[in-house]
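Numbers in the working numbering are just positions in the sequence shown, counted from 1, shifted up by 25.
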Amino acid sequence: MADHPRAALFIVDVQNDFCEGGALAVPRGDLVIPALNQWIARARTHGLAVYASRDWHPLRTTHFAPYGGPWPVHCVQDTPGAAFHPDLQLPEHAVVISKGQDAEAHGYSAFEGTTPDGTHLVTDLQRRGITHLFVGGLATDYCVKNTVVDARQHGLQVDVIRDAIAAVDVHPGDAQEAIGVMEHAGARVASSAELMKGPSRRG
Ligand code: VGL
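1) What beta strand (DSSP E) runs, 3 residues minimum, are completely inside the region 171-199?
2) Around the Cβ of Gly93, are there at least 16 other Cβ atoms within 10 angstroms (buried) or fewer (exposed)?
3) Using a Cβ-based criterion (distance less than 6 Å to any ligand heavy atom), does Cys241 qualify as near the ligand VGL?
4) Does the contact criterion of 3 or more C-beta pairs under 8 Å hold for the region 202-216 versus the region 173-189?
5) With distances taken Cα to Cα, identify the nearest neighbour of Arg67 among His99, Val169, Ala107 and Ala33.
6) Please list the segments of the beta strand (DSSP E) lying wholly inside the region 58-110, counting only runs of 3 or more residues, in order along the chain.
7) Opposite Lys222 in the DSSP bridges: which residues?
8) Excluding the five sequence neighbours on either side, which residues of its own chain have a C-beta within less than 7 Å of the C-beta of His145, listed in chain order?
9) Ala107: which of Arg177, Phe43 and Arg152 sits nearest, CA to CA?
10) For Val51, report the span of its beta strand (DSSP E) as first-last.
11) Give every residue of the same chain whose Cβ lies closer than 8 Å to the Cβ of Asn62, excluding the five residues on either side of it in the sequence, and list them in chain order.
12) At a cut-off of 6 Å, is Ala164 close to the ligand VGL when judged by its beta-carbon and the heavy atoms of the ligand?
13) So does Asp38 have its beta carbon nearer than 6 Å to some heavy atom of the ligand VGL?
14) Report the CB separation of Val183 from Ala176 in whole angstroms; it is logged as a contact under 8 Å.
15) Could you tell me which of Gly211, Phe89, Gly162 and Val169 sits nearest to Pro59, measuring between CA atoms?
16) Can you tell me whether Ser216 is helix, strand or coil according to DSSP?
17) Taking the C-alpha atoms as reference points, what is the distance between Leu49 and Asp194?
18) Would the beta-carbon of Asp175 be found less than 6 Å away from any heavy atom of the ligand VGL?
19) Quick check on DSSP: helix, strand or coil for Ile204?
20) Pick from Tyr76, Ser134, Asp80 and Ile155: whose alpha carbon is nearest that of Glu117?
21) Could you tell me the boundaries of the beta strand (DSSP E) in which Val39 lies?
22) Helix, strand or coil for Thr144 per DSSP?
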């Protein structure tokens, strides 16, 4: 990571509702937390920015099954389910990106989200000169995938931390397909061990 001075760690939706016991628990979702905490510690050592996105839905949204959507009610604004998982050691200066507030949009991608002062994610990244993201979090086949594809569309270099993501896998194979989509978009998907070794082979 020392080779990526304009990189940031980007943690997608590690919220109670996506973890064990939550309203939309991602199988093995909690297992991403120790790996992410290691990345947070490394980000601190190397002085990298840390972003954390969160699903931040209104109570009524077409994203939810009672209003015609595909998902159980989850991550409703200001509820315990929407809070970041307590084991995630987010630094105080982490930039929180809220998304999904629109009652008629899914808000899967963090690039649909904003900082607490309403700045769009891409604008905030540009202001800080960040050109490279290390991405982990939940869930591989929805918010991670959409965030990564949008990051590539905005021209960012993206490394996806394979051991720091977990999938909903509504249909078996969704996780693998999502990894293919991210790679096809130009992201590198690799383990923490590989990524911490140094710069990508992609050059
Ligand atoms: C997500 C399903 C529904 C996610 C959000 O964070 O990946 N998945 N809403």
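Backbone N, C-alpha and C define an ideal beta-carbon position, used for all residues, glycine too.
In brief:
1) 182-191
2) Here residue 93 is taken as the residue at index 68 of the sequence shown, counted from 1. With fewer than 16 Cβ atoms within 10 Å of its Cβ, Gly93 is classed as exposed.
3) Nothing in the structure corresponds to residue 241, since the chain is present only between 26 and 228.
4) yes
5) Within the sequence shown, residue 67 is the residue found at index 42, counting from 1. Comparing Cα-Cα distances from Arg67 to each of His99, Val169, Ala107 and Ala33, the minimum goes to Ala33.
6) 74-80
7) Translated into positions along the sequence shown, residue 222 becomes position 197. Answer is none; Lys222 lacks a bridge partner.
8) In the sequence shown, the residue the question calls residue 145 occupies position 120. Excluding sequence neighbours, His145 sits near Thr139.
9) One-based indexing of the sequence shown puts residue 107 at position 82. It is Phe43 whose Cα lies nearest to the Cα of Ala107.
10) For this step, residue 51 is matched to residue 26 along the sequence shown. Counting along the chain, Val51 falls outside any beta strand (DSSP E), and DSSP gives it neither H nor E.
11) Translated into positions along the sequence shown, residue 62 becomes position 37. Correct list, in chain order: Asp112, Leu113 and Gln114.
12) For this step, residue 164 is matched to residue 139 along the sequence shown. True, at least one ligand heavy atom lies under 6 Å from that Cβ.
13) The residue labelled residue 38 in the question sits at position 13 within the sequence shown. It does: the Cβ of Asp38 is within 6 Å (strictly closer) of some heavy atom of the ligand VGL.
14) Taking the first residue of the sequence shown as 1, we reach residue 183 at position 158. Taking the first residue of the sequence shown as 1, we reach residue 176 at position 151. Their Cβ separation, rounded to whole angstroms, is 5 Å, which keeps Val183 and Ala176 in contact under 8 Å.
15) Position 34 of the sequence shown, counting from 1, holds the residue named residue 59. Minimum Cα distance to Pro59 is reached at Gly162.
16) Looking up residue 216 in the sequence shown gives position 191. Reduced to three states, the DSSP call for Ser216 is coil.
17) To locate residue 49, count along the sequence shown from 1; it is residue 24. To locate residue 194, count along the sequence shown from 1; it is residue 169. Cα to Cα, Leu49 sits roughly 12 Å from Asp194.
18) Sequence index remark: in the sequence shown, residue 175 carries index 150 (1-based). Answer for Asp175: no, Cβ out of range of the ligand VGL.
19) Residue 204 sits at position 179 when you count from the first residue of the sequence shown. Note: Ile204 maps to helix in three-state DSSP.
20) By one-based count along the sequence shown, residue 117 stands at place 92. Of the candidates Tyr76, Ser134, Asp80 and Ile155, the one whose C-alpha sits nearest the C-alpha of Glu117 is Tyr76.
21) For the purposes of this step, residue 39 is taken as residue 14 along the sequence shown, with counting starting at 1. Careful: Val39 lies outside any beta strand (DSSP E) and carries neither H nor E.
22) Here residue 144 refers to the residue found at position 119 of the sequence shown. Of the three classes helix, strand and coil, the one that applies to Thr144 here is coil, per DSSP.
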